[in-house]
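Below is one structure; the comments refer to it alone.
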Amino acid sequence: MSSTISRILLHPLLLLAVIITAIFTGIQSPETAKQFAPIGGYYISLLKMIILPYLFVTITSGVARMASDPSAKQYIKRIVLIYPAAMVLSASVALACTFILPPGGTVDGTVMEALGGIVSGSENGASATDVEITLSGSDAKATDDPAISLLDRFIPENIFAALSSGDSLKTVIFCIVFGAALARSSGSGTGALLGFFSVVQHACTQVIRWLNLLLPFALFAMLAAQVASVGVGPLLSLGRFIEVQALSGAVLLTIAVLVISYRARISPLAALGQLGDTIIMAVSTRSSLSCIPIAVREMTENLRFAPKGVDLVLPLGITLCRVATVSYLLIGTVFIAQVYGVEIDARGYATIFIASIAAGLAASGATGAMAVMLISLVAEPMKLPVEAAIVLFIAVDPVIDVVRTLVLVYGNCALASLIVPRPVADGHQAALSPATAQAAK
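For the sequence shown, our numbering begins at 1134 and goes up steadily by one.
Written as structure tokens, this is what we have:
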């Protein structure tokens, strides 16, 4: 009964009807649509409530089991090689897209007016200072030492504070260290603890499945409120910028589909269909962390990749390998330069290319507006003014974030398929001996 209800509520045609209705409501009745915003917020909060416990038990047990497995070195070597290569590929695709379709190449006075209008508050009645105060955390630590600032992003001084604040990067770092320590421990207590983690993981997955039943209602609330809030003005002024982001995302998604198709030995359409729930969750929630449990389930149950590897590699990749953010930052920086008439030579493009990858590494765990703010790290070496552009980027981020989240989640599914040994015909990869698993790669 519950599976039938789930299939009905998550059917693509029903979700398409929900999307169309939400957009129509947001345009025709913006004041009414804005009243639905809290519903979408509650849904995201419910998802986040269960995601960090899921990450904690999944990554910790995955590291512990992998570190105690003599054949685990293959994962470490592949992660070290594949993650940087993926970020370089993402930056290369984005750079090529800016040559094919210059994001600021057709700019007239409309964009400049929108830039000035939003900063002065004509679009939303708030000043740029107000927006900056909203985006800045009250407990943010200021430091003049970039090395110390970088370490602050990685090292958790209090794991419980990191969990309560939703800091996924610090949580992942702690889980890796704690899991490695568990692998060095011996005795029945370690096995019992890992067994407990497995039970918690399955319970979290079940809660996610229950929350999926609310997806159509939450999707309508979130999308209608976003359309009502953003309107069409900023979207029109940044039309070419959005087009280039979509083009880059489409190319990266195509590559990811082909990779999964090759590794799983299925057709490209099947590669999309077998991860259908993951795609729907990414598009509807725009929360990459919320997609992890469903992506892990579909990678292991539908595509038959080894759970022992996927449980670790996929959450780790979504947190650390921010391929979509790299593409976003590079295109955004080129857009700013073209809007302000700054000529970019070969050295300038090389600087933007390298800085985008570096900022992508710094973006580990950053989402939403914080990911947008990181564009200043790429623009500063080029001496580009970013204040006005950042505010405008944030205004249209609900649209672009859909592409960014989908590329991040599906792209890391493809990376996981490259790192984890490919499934064999009977679908029992996890039960294979190391020699047989080696032959299946």
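All C-beta atoms in this analysis are idealised placements derived from N, C-alpha and C, irrespective of residue type, glycine included.
Note that this is a predicted model, so its numbers are computed, not measured.
In this chain, the alpha helix (DSSP H) harbouring Gln1378 covers 1372 to 1397.
Nearest Cα to Ile1508 within the set Thr1538, Val1467, Gly1159, Glu1376: Val1467. When DSSP states are grouped into helix, strand and coil, Asp1530 belongs to the helix group. For the 8 Å CB-CB criterion, Leu1447 and Asn1345 do not form a contact. Burial state of Phe1293 is exposed, judged by a 10 Å Cβ sphere holding fewer than 16 other Cβ atoms. With 16 or more other Cβ atoms inside 10 Å of its own Cβ, Val1226 counts as buried. Excluding its 5 nearest sequence neighbours in each direction, Thr1433 has C-beta neighbours in its own chain below 7 Å: Pro1440, Val1443, listed in chain order. Contact between the stretch 1152 to 1159 and the stretch 1351 to 1364 is established, with three or more Cβ pairs separated by less than 8 Å. Ala1354 is the residue among Cys1454, Ala1354, Gln1168 whose C-alpha sits nearest the C-alpha of Thr1418. Contact holds between the stretch 1528 to 1545 and the stretch 1403 to 1417, because three or more Cβ pairs, one in each stretch, are under 8 Å apart. When DSSP states are grouped into helix, strand and coil, Leu1517 belongs to the coil group.
In this chain, Gly1474 is not harboured by any alpha helix (DSSP H), its DSSP state being neither H nor E.
Residue burial annotation: Leu1146 is exposed, with fewer than 16 other C-beta atoms found within 10 angstroms of its C-beta. For the options Leu1296, Met1220, Arg1198, Leu1228, the alpha carbon positioned closest to that of Ile1184 is the one of Leu1296. Inter-segment contact for the stretch 1479 to 1498 and the stretch 1458 to 1465 is present: three or more beta-carbon pairs are separated by less than 8 Å. Look at His1335 here: in three-state DSSP terms it is helix. Annotation: Ser1423 to Pro1349 spans about 16 Å, alpha carbon to alpha carbon.
In the three-state reduction of the DSSP assignment, Val1416 falls in the helix class.
Counted as a single uninterrupted DSSP element, the stretch harbouring Ala1439 is not any alpha helix (DSSP H), since DSSP gives it neither H nor E. When DSSP states are grouped into helix, strand and coil, Arg1555 belongs to the coil group. Beta-carbon to beta-carbon, Ile1485 and Val1511 are separated by about 6 Å, close enough to satisfy the 8 Å threshold. Remark: three or more beta-carbon pairs, one from each stretch, lie closer than 8 Å, so the stretch 1175 to 1189 and the stretch 1327 to 1340 are flagged as touching. Between Leu1539 and Arg1396, the C-beta gap is not smaller than 8 Å, which leaves the two residues out of contact. Gly1312 places its beta carbon less than 8 Å from that of Ala1197. Secondary structure note for Thr1165: its alpha helix (DSSP H) is the uninterrupted segment 1163 to 1167. Only exposed fits Ala1218, as fewer than 16 other CB atoms lie within 10 angstroms of its CB. Non-local beta-carbon contacts of Leu1352 in its own chain, meaning distances under 6 Å to residues more than five positions away in sequence, involve Val1151, Ser1417 in chain order.
Assigned with DSSP and collapsed to three states, Leu1463 falls in helix. Contact between Leu1391 and Pro1401 holds: their C-beta atoms lie close to 6 Å from each other, under 8 Å. Buried is the label assigned to Gln1378, since at least 16 other Cβ atoms lie within 10 Å of its Cβ. In this structure Lys1303 is buried. Its beta-carbon is surrounded by 16 or more other beta-carbon atoms within 10 angstroms. For Cys1424, the enclosing alpha helix (DSSP H) starts and ends at 1421 to 1430. The shortest CA-to-CA distance from Tyr1208 to any of Ile1523, Ile1153, Gly1450, Pro1426 is the one to Gly1450. Here the C-alpha atom of Gly1237 lies approximately 24 Å from the C-alpha atom of Met1220. Shortest Cα-Cα distance from Asn1435 to any of Pro1556, Leu1180, Ala1200 involves Pro1556. The distance from the Cβ of Leu1548 to that of Cys1454 is about 6 Å, consistent with a contact at the 8 Å cut-off.
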